[in-house]
Structure formats: C-alpha cells, structure tokens
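Step one of this worksheet: look at the structure below.
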Amino acid sequence: MNNYMRVILRRVLVILAFSAVLLPSGQAMASLVVDKAADTAIRAAFKATRPDIVITQVEPSGVAGLYLVTMQNGPTVYASADGRYFIAGDMFEISAAGIESVAEKKLKPVRKELLTDIKREDMIIFSPKGKAKGAIYVFTDVDCGYCRKLHEEVPQLNAMGIEVRYLAYPRAGLGTPTYDKMVSAWCADDPIAAMNSLKSGSTVEPKKCANPIAAEYQLGAQMGVTGTPAIVLEDGSMIPGYKTAAQLGVMVLN
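First residue of the sequence shown: 554, per the numbering used here; consecutive thereafter.
Set out below in structure tokens:
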C-alpha cells in the first residue's frame, strides 16, 4: 500500500469514527434535507466572526448533523447544525466506486458544465498536429515553478495527441506583477510565443487589452483551485499539482 492510500485510509477511519457518534446504530448514511434552522445558524455563526466570508450554499454532507458548506472564493468545510463547529479538509465516502472525496464528487459535474462555457479564444491553446485525442485544461501561473516544469512537457503531450488549454490563475491575485505578465501574454500578437517566453523566465512586451484573466481567476476559485498548476480533465475531474506527460497520458487517453 503506498503512502497516499495510507493517508486516505487514516482519514477515512477518523471520519467513520466521527460518523459512528453522529448516527444511530445501523442507520444508513442517506442524504438528508438541510432544515432552515441549520442553514440560518451556520450562516449566522460565520458572519458573526468573519463577516468577510460569503457562504454560497449549505447542503447535506451524507452524515447526520454535519453539513457541507461552500464559500465564495474559499474552501469547502463541514459544519455542525448549530454552526459552532466545523471541519476543514476532505471527507471521504466508501462506496461501490471505491473511496471518493465528498467535495470532489460534488464539484466534478459542476466543473464539467463550467468548462463548456469557456470560449477557445479566451484560452492559450497548444494543439497537437492532426486531430486531438483528448484535452486538459490547466489553470496556470507564469511564475509558478511547477507550472514551468509542466510546460516543458507540453510537446510530449501534444505528441500523444493531447491538447493543452491554458487558463489564467495568478496565485498572488489580480493587479499583481504576475497578473500584469499574464495580461501581456493574453494580449500579445502571438500568445503562444509569449507564453513560451514567460514560462522560460524571459520577459514579454507589456500590453493591455480586454482580457479574461479576472474572469478565469474567479472561475478557478469556483472550481476549487487552490494552487497551480491545477489540471482539469474534460469530465470535470481535477488533478492538483504537477504530473508528468506519461502520467497525464494515462489519465486522459485511457
């Protein structure tokens, strides 16, 4: 058993122990309806201590007494019905499909739908010769070391028939030097050449134009991006962090 699976199983054991306290013996962890009192209490608790946090949704987590709370441009957490306690991090479900992240299971179809609304002209796309066999969407930061490492793998991905579609996600935020570089790349006469230059550590001619950087930054937050590179497959699955071309080829083409 590899270290990753050991970590997951340790988390699962903690979750199962917590669930055993919350659920009567033998009770199935069926989907529950969020009552208005719980929704109101959770929102009020967060607002009282952190008025800057905007909660977009409170919904059943699958565990009685515990609710999945989605925050605008923030993480997903699990809160008690009175809003007094919350758990930050992943919760996993054991099912016929195996061990799945509850939050990821919820976000996957949302991401897939959001991807359909992205215009090709709003991305910087590295296409293979001939017909593409698959594609990946990459939320990238031109100053991110692992983003640059992944960019070195783009020719190999293209050779496998995988199209790489870049979306902007300046980690330091909007209006930063990295943001300005990315605006220049998206506004360049040759965005592909500009992206290659920035990924290699070179500079590009500063440019400004109407661009999708801010919208894509917000889109990344909506999809659960917390760092770069964040790779999203066409089915809505997210692969956080750097992966080699060989690893991505297996995920995309199989």
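Just so it is clear, CB atoms sit at the ideal spot from N, CA and C, and this is done for glycine as well.
In this text the structure is predicted, and so the values were computed from the model without any measurement.
Residue 693 is a Cβ neighbour of residue 781, given a cutoff of 9 angstroms. Under DSSP, no beta-bridge partner is assigned to residue 757.
In the structure shown, the three-state DSSP call for residue 705 is coil. Taking all protein chains in view, the Cβ of residue 762 is surrounded by fewer than 16 other Cβ atoms within 10 Å, so the residue is classified as exposed. Among the bridge pairs identified by DSSP, residue 732 is matched with none. Per DSSP, the unbroken beta strand (DSSP E) holding residue 718 starts and ends at 715-721.
About 33 angstroms separates the Cβ atoms of residue 789 and residue 637, ruling out a contact at the 8 angstroms cut-off. Shown here for residue 654: same chain residues with a beta carbon closer than 7 angstroms to its own, the five before and five after excluded, namely 643, 645 in chain order. DSSP, read as helix, strand or coil, puts residue 653 in strand.
Beta-bridge partners assigned by DSSP to residue 806: none are found. Between the C-alpha atoms of residue 588 and residue 608 there is a straight-line separation of about 16 angstroms. Judged by DSSP in its simplified three-state form, residue 648 adopts strand. Here residue 706 is buried: its Cβ has 16 or more other Cβ atoms, across all protein chains shown, within 10 Å.
Residue 727 and residue 691 do not touch by the CB rule: their CB atoms are close to 19 angstroms apart, not below 8 angstroms. Exposure of residue 603 is indicated by the presence of fewer than 16 other C-beta atoms within 10 angstroms of its C-beta.
Nearest to residue 805 by C-alpha distance, out of 625, 714, 670, 779, is 714. Bounds of any alpha helix (DSSP H) do not take in residue 787, whose DSSP letter is neither H nor E. Boundaries of the alpha helix (DSSP H) harbouring residue 769: 766-776, taken from the DSSP string. The alpha-carbon separation between residue 634 and residue 611 amounts to approximately 10 angstroms. Partner residues in the beta bridge of residue 687, as assigned by DSSP, are 715. In the DSSP assignment, residue 746 falls within the alpha helix (DSSP H) that extends over 744-752. Considering only 768, 591, 606, 605, the residue with the shortest C-alpha distance to residue 617 is 591. A straight-line Cα-Cα distance of about 22 angstroms links residue 776 and residue 701. When DSSP states are grouped into helix, strand and coil, residue 625 belongs to the coil group. When secondary structure is reduced to three states using DSSP, residue 604 falls in the coil class, being assigned neither helix nor strand.
With respect to residue 753, residue 711 sits apart: the two C-beta atoms are not nearer than 9 angstroms. Straight-line spacing of the CA atoms in residue 698 and residue 751 works out to 11 angstroms.
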